[in-house]
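Residue numbers (our numbering): 326 to 909.
Take a look at the structure:
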């Protein structure tokens, strides 16, 4: 997006006070490089905060943008900054900018933070309508930004990372190599258990039930404690574990019915809850999951311990993101306290963990601790890999109940309780895992060498035969122009709306290792560039063009100047040259 920001009356501004106030809403540090003058410092902050607010609700805007030009107004009292900012949803960027300008003005006039909190929640609610579904796509896009891998939305929630032969497609953590059969198996816990049992892998006993009486009968048959869970839900939806009597079973069954009509009763297994993430015969992440709760100090009451936990950075950040405190003394917490014979005024012994949630999922207040795979018994790592192969998946999240991961499952009797074909990887315990996975998924940074041939006007475009010759001389396998796309000198598509759109077709071909993109100067000015990097930029010589066409060519060259690959010495690895009728 292009626009301008007007800054006035800045001489007496206390930026440190403004910074402190903004940290209440967003804890991201300001990036380095703020201008020394106050007006420039204001703009630097505005551009950063508008992007940071969007990231807070998972809108993928990972750079603040920058100033193209600044100038003083005729009166000299205002400074106008012409800016360019990256945007995922233009309306979201405008909402964030509008809120910021109003809040910053209010803070200067002495308005308190308390008076502005409601407006912040209202802003986040508006921004959430523009965010990405789930967390995986957002974090993969962030990882691509950090790794400088080009990314493009192909369809809603499906992204292509890279170009040509080096591209990979992802839909959350479903990859272009994920088996449809494996996905179908893991959509049902009972199907998953059946397949794993046939492979000789450890799974719990369970049975499908159709009503509360059948659930109670099965619980008595399996022996208490038991677990009630939907067969076809993920992320712990409707799961109740450790049920010890008929009343608990009936309540849990009624609760599970709110999520699904397919209900399982399962034998409860004691042990710790672990999530192992596997990719291509390699365990890439292990976390120990624990339900939300408090740890006694021998002095404080349950209520006091909970207040302290809610004030921790982890839960405060969750509150900022979602506007809801996920750990509280609600009915679920009261039920768990009652089972222990506790109340909110009980003082738990020092070191004792008191759960206030039945599920271990982060979405309901659970916590995670990263486990080093080097500390895990090799049999347990092998179990996770064999289970992933058994259900025909390349990337999988496996939930394992084990008393001790440092001992073999053959000794401890661990069981696999669930496998997820689209696992939530998360960043709380391992913030770099999305980056590491994307590096494994996308070879060579996802890029193929691209050359750009600029034609000053449509008549200046060389004939197709000449373009194919130029491409061959430049080591390019493919050529795109408004007339179509050629791969290995064979035409694979018809005319396009523009050279820009034809180039996008070229970059979608999974058998292309390198390509030449042909565009007119007018197309570049109108549409921009189809890729952010070229190994060489060439210009067709045409001395007959008029002044308008010359101006467009000059504008196109200014736009492309920063998109030639840079060598290690900082110089351009490509060159801008003239492509006449004989030699490029």
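For every residue, glycine included, the Cβ atom is placed at its ideal position computed from N, Cα and C. For clarity, every value in this text was computed on a predicted model and none was experimentally measured.
Item: Please name the residue in 663, 642, 423 and 604 whose C-alpha comes closest to that of residue 711.; Value: 604
Item: Are residue 654 and residue 669 close, meaning C-beta to C-beta below 8 Å?; Value: yes
Item: What separation, rounded to the nearest whole angstrom, lies between the Cα atoms of residue 472 and residue 760?; Value: 7 Å
Item: Verify whether the separation of the beta carbon atoms of residue 489 and residue 834 is less than 8 Å.; Value: yes
Item: Let me know the secondary structure DSSP gives residue 703 once reduced to three states.; Value: helix
Item: Look at the alpha carbon of residue 544 and the alpha carbon of residue 377, and state the distance between them as a whole number of angstroms.; Value: 50 Å
Item: Give me the Cα-Cα distance between residue 799 and residue 840, rounded to the nearest whole angstrom.; Value: 9 Å
Item: With distances taken between CB atoms, is the gap from residue 827 to residue 881 smaller than 8 Å?; Value: no
Item: Tell me the residue span of the alpha helix (DSSP H) that contains residue 523.; Value: 514-523
Item: Quick check on the DSSP output: the alpha helix (DSSP H) that includes residue 616 runs from which residue to which?; Value: Segment: none, residue 616 is in no alpha helix (DSSP H) and carries neither H nor E.
Item: Going by DSSP, what residues sit across from residue 494 in a beta bridge?; Value: 485
Item: Please classify residue 326 as buried or exposed, where buried requires at least 16 neighbouring CB atoms within 10 angstroms.; Value: exposed
Item: In angstroms, rounded to a whole number, what distance separates the CA positions of residue 702 and residue 728?; Value: 12 Å
Item: Determine which residues share a DSSP beta bridge with residue 598 and list them.; Value: 614 and 726
Item: Taking the straight line between their C-alpha atoms, what separation do you get for residue 802 and residue 790?; Value: 14 Å
Item: Can you name, in chain order, every residue of its own chain whose Cβ lies under 6 Å from the Cβ of residue 901, other than the five neighbours on each side?; Value: Its pLDDT being 40, under 50, residue 901 is placed unreliably in this model, and the value from its coordinates should be taken loosely. Counting only Cβ-Cβ distances below 6 Å, and skipping sequence neighbours, we find 862.
Item: Measuring alpha carbon to alpha carbon, tell me which residue in 405, 540, 599 and 838 is nearest residue 574.; Value: 540
Item: How is the beta strand (DSSP E) around residue 396 delimited, first residue to last?; Value: 391-397
Item: Is the CB of residue 707 under 8 Å away from at least one CB in chain B?; Value: Of the chains in the structure shown, none is chain B; there is only one protein chain.
Item: Report the residue from 500, 890, 608 and 404 whose alpha carbon sits nearest the alpha carbon of residue 775.; Value: 890
Item: To the nearest angstrom, report how far apart residue 572 and residue 500 are at their CA atoms.; Value: 43 Å
Item: Secondary structure at residue 839, three-state DSSP: helix, strand or coil?; Value: coil
Item: Taking DSSP as the reference, what is the three-state secondary structure of residue 406?; Value: strand
Item: Okay, do the segment 863-883 and the segment 766-781 touch, 3+ Cβ pairs below 8 Å being the bar?; Value: yes
Item: Roughly how many angstroms separate the alpha carbons of residue 352 and residue 638, rounded to a whole number?; Value: 10 Å
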